[in-house]
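First residue of the sequence shown: 23, per our numbering; consecutive thereafter. Note sheet for the following structure.
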Amino acid sequence: QEKSLSDGFVYLDEKIPGIVYDIRYAGSNNFIGKPVSGYHKPQAILSEPAADALLKVQEELIQKDLMLKIFDAYRPQQAVDHFIRWARDKEDTLMKAQFYPDIPKSRLFQLGYIASRSGHSRGSTVDLTLVDANTCKELDMGSPYDFFGKISHHSAPGISETQKKNRLLLKSMMMKHGFRPYAEEWWHYTYKLETYPDTYFDFPVE
Ligand SMILES: C[C@@H](N)C(=O)N[C@H](C)C(=O)O
Ligand SMILES: [Zn+2]
23 QEKSLSDGFV YLDEKIPGIV YDIRYAGSNN FIGKPVSGYH KPQAILSEPA
73 ADALLKVQEE LIQKDLMLKI FDAYRPQQAV DHFIRWARDK EDTLMKAQFY
123 PDIPKSRLFQ LGYIASRSGH SRGSTVDLTL VDANTCKELD MGSPYDFFGK
173 ISHHSAPGIS ETQKKNRLLL KSMMMKHGFR PYAEEWWHYT YKLETYPDTY
223 FDFPVE
């Protein structure tokens, strides 16, 4: 089926051969526990220059028998607004034990784990990890995707040497190709030469 998109955006599976996805916000395995507004399909979309840079990361990883796995890319503003509504609802702690056991949900924005104006909505930010190219098994990064807590910080003490090495490998590959890491989340990277640095898009992921 032919897919069409806003100008300047591309589907990652059309740009990057073999890219692996697990688009968490299109399903229920996420910190809210249900599909998030604006994710009509489990697709990954980015602005074209960011996707081109990611292709270079993937090409280099393949030489090491590794690949990228994408958890989130472009995120419509309506999804961010859904996060904001969810954070205000004190009663809903369905996914607390799994995703934010030590932090009150009311502080997740303040502490930098979720943004009310996100680089994802500008189409330049991606959440991702590394997988073994043969088995598609995720490398051990020391904490799961979207685990909101100090253990997910790049500087987290108490993670093993292997976990540190895996985080550093992802970080060095992403930085080499123009992405900026984010101190609070080992999985979150923003392409520095943003095409739309001031625009927060709201078209759905479909
Ligand atoms: C929610 C998490 N996956 C994430 O992307 N956090 C940053 C801070 C964001 O919302 O931009
Ligand atoms: Zn992110």
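All C-beta atoms, glycine included, are put in the ideal place defined by N, C-alpha and C. It should be emphasised that the depicted structure is a prediction, and the values quoted were computed from it without experimental measurement.
Check: Mind checking who Met89 pairs with in its DSSP beta bridge?; Outcome: Val153
Check: With Phe31 as the anchor, note down where its beta strand (DSSP E) starts and where it stops.; Outcome: 31-33
Check: Please determine if the region 135-145 and the region 182-196 are in contact, where contact requires at least 3 C-beta pairs separated by less than 8 Å.; Outcome: no
Check: How do the region 32-43 and the region 69-80 stand: do at least 3 beta-carbon pairs fall below 8 Å, yes or no?; Outcome: yes
Check: Just how far apart, CA to CA, sit Ile173 and Ser69?; Outcome: 30 Å
Check: Output the residue ranges of the beta strand (DSSP E) runs that lie fully inside the region 135-183 and measure 3 residues or longer, sorted by chain position.; Outcome: 147-154
Check: Which term fits Gly30, buried or exposed, when burial requires 16 or more other beta carbons within 10 angstroms of its beta carbon?; Outcome: exposed
Check: Per DSSP, which residues does His76 bridge with? Please list them.; Outcome: One detail in the question is off: residue 76 reads as Leu in this sequence, not His. According to DSSP, which records beta bridges pairwise, Leu76 is partnered with nothing at all.
Check: How would you write the range of the alpha helix (DSSP H) that Phe131 sits in, first residue to last?; Outcome: Unbroken run through Phe131: none, as it is neither H nor E.
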